[in-house]
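So the structure is just underneath, and the comments pick up after that.
Chains as they are written, first to last, in my numbering: chain A, 5 to 324; chain B, 1422 to 1761.
Encoded structure:
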């Protein structure tokens, strides 16, 4: 099987600097060719890369569940692009500023063909340092975009004071403590910080950033968006864990924006890594636990109205 | 004679296959009279004439070829250059339409020279005289098919399919069913419309009552469908066997189990019924191709698994069923000539 094509999803509220970041990525001398899926054709002038116009057509799967939506046009475009494999090294999807990132992310879990051919490298969210506070009040999309991010680009830092910046960062951290955050001006960030992150491959990201699942120093939460994480020092029983996590995501799916976890399953030499969006879960056994690693099980949920106590009790009960 | 026992391992026709180097994802295959034509994802149309000479035509220069259809006279292709091109057996490429930057996601032909294509949220139909009509479907379109009789077009889209008479102002007839519909087929007798769906199932409608037919149980998406010559069977891909639905009688396959043939530990990716016999060609994701006879489930090997080239992406028979053209996702192709 040939290598899967990495996909970077670029999101961020209107005017945050998505297009500036995209242009930076595309003009930097990295020697790579990209297929770029955009919504406003002509907004960016690119000669060497393949640019495709998308519709952001979201549809429900026919179970009628509103949180199991996917992007039909994305599937269509990726299938088309895959016929021309070898013409580009990576795909960048630029979503409109008002888009909900969930259907985009879900597309990469739900569609088997897309999953076979591509891997979601990271959701990169550009945030406007000056206007974020206002957006968090009036635009629920802005909050969702932050919650979904694997990488956050806090842009336009030159337009605010250090104190304001710290305040905005605290607000971002209250929503999503796990994403890698970069402060930028004019979206000036090293390409390596944005592309080929393997952020959806938890196994890899933990090799790069071992503290990825640590909640860090920011324990206050956004009153609406929360993140909770728990750890079991040792193994869990898959016979208990799988039904529990499936039941939890089925019941609480609409409230769970992202979830991730790395688990040590009883009598299993490999690490089980799972991630999900709303009700859709995707998990697999990945590499072996290394001899120097402590076998432990960690999970993270980002969402709304999460019952911290209930999730903790439920998870702890799956310990082997 | 009593029952016939299928021979295993299957008898082989591999010596009757001539290899063709396609060097690009084969999107589709068709015969233009005696000439075999392959639509290639790199924008070329490859032609193999009756004497075996190979040539290629840059139907979509420097662009990708996404969709194809054929009426047996020309190969109509749609590209990511926004162009619809008809290539003849002699290698003449005629531009039918240019939608500029829009991708041509689906094309269809009928026997009378009509051509239809979709680009984003727009469907256009051009009749044999060149008159073009346009319709805006409710979502982008991935499947188009002409009715077997009359100038009418079936359009697959989100939450159903629409049947459109391009030459009237009447609103298209909506066949509603929630979900995303991909490819679309119209039964040769005009009674049934069937779509493949994003949700690993088929949906059908009995006309004109719009009676629903749900055909599910596929482990993967169906992306290839083919009617038998008598119009009574519909062969489909998407499982570890060819799934063949019976369309005898008024109710189609409802209440009847599908037939299965060519069961192998690999997924069927392409199917094509023989134009004269109840024999279906099955291409698999491991590169294997079998011919399966419906009457006794006997199998003949056309191409063994594991050869270079990846999944079989295209299969086509010539009009009398003597020869079959195939192609794969990684650029392998070939021509089978059946022994007389």
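Beta carbons: idealized from backbone N, C-alpha and C, even for Gly.
Contiguous beta strand (DSSP E) assignments of at least 3 residues, all confined to the stretch 88 to 168 of chain A: 94 to 98, 122 to 132, 155 to 159
Along chain B, which residues have their Cβ under 7 Å away from the Cβ of residue 8(A)? Ordered by position in chain B, no residue passes the 7 Å Cβ test against residue 8(A), which lies about 15 Å from the chain.
Assumed close pair residue 1528(B), residue 1565(B) - CB separation to whole angstroms, cut-off 8 Å: 7 Å
Which chain A residues are close to residue 1462(B), counting only those with a beta carbon under 7 Å from its beta carbon? 87, 88
Applying a beta-carbon distance threshold of less than 7 Å, which residues of chain B neighbour residue 117(A)? 1642
In whole angstroms, what is the alpha-carbon distance linking residue 1510(B) and residue 287(A)? 50 Å
Excluding sequence positions up to five away, which residues of its chain have a Cβ less than 6 Å from the Cβ of residue 63(A)? 76
Assess, as a yes-or-no matter, whether the stretch 1614 to 1634 of chain B is touched by the stretch 1715 to 1723 of chain B under the definition of 3 or more beta carbon pairs within less than 8 Å. no
Is there at least one Cβ from chain A nearer than 9 Å to residue 1563(B)'s Cβ? yes
Using 9 Å as the limit for Cβ to Cβ distance, is residue 80(A) near chain B? yes
I'd like to know whether the C-beta of residue 1633(B) is nearer than 9 Å to at least one C-beta of chain A. no
Going straight from the alpha carbon of residue 220(A) to that of residue 1449(B), what length do you get? Low per-residue confidence applies at residue 220(A): pLDDT is 49, beneath 50, and the placement is therefore not dependable, though the value from the model is reported in the following sentence. The alpha-carbon atoms of residue 220(A) and residue 1449(B) are separated by roughly 54 Å.
Using a Cβ cut-off of 9 Å (strictly closer), state whether residue 113(A) contacts chain B. no
Applying the 10 Å Cβ sphere with the 16-neighbour rule, what's the burial state of residue 1440(B)? exposed
Check for me: the beta strand (DSSP E) holding residue 1747(B) runs from which residue to which? 1744 to 1749
Less than 9 Å separating the beta-carbons of residue 1499(B) and residue 1489(B)? yes
Tell me whether residue 197(A) sits in a helix, a strand or coil according to DSSP, three-state version. helix
Given a cut-off of 9 Å, decide if residue 267(A) and residue 234(A) are closer than it, judged by their beta-carbon atoms. no
Quick check: what's the CA-CA separation for residue 201(A) versus residue 125(A)? 6 Å
Starting from residue 1524(B), find everything on chain A with Cβ-Cβ shorter than 9 Å and list it in chain order. 56, 57, 80, 81, 84
Buried or exposed, going by whether 16 or more other CB atoms sit within 10 Å of the CB of residue 147(A)? buried
By the three-class DSSP mapping on this structure, what secondary structure does residue 9(A) have? strand
How is residue 83(A) classed by DSSP in three states: helix, strand or coil? helix
Short of 8 Å in beta carbon distance, which residues of its chain neighbour residue 19(A), apart from the five on each side in sequence? Order them along the chain. 101, 132, 135
Please name the residues in the stretch 1540 to 1565 of chain B whose beta-carbon is closer than 9 Å to at least one beta-carbon of chain C, in chain order. The chain inventory of the structure shown lacks chain C, comprising the protein chains A and B.
What does residue 1691(B) touch in chain A if you count any residue whose Cβ is under 9 Å from its own? Chain A residues near residue 1691(B): none, gap ~14 Å exceeds 9 Å.
Cβ of residue 1448(B) within 9 Å of any chain A Cβ: yes
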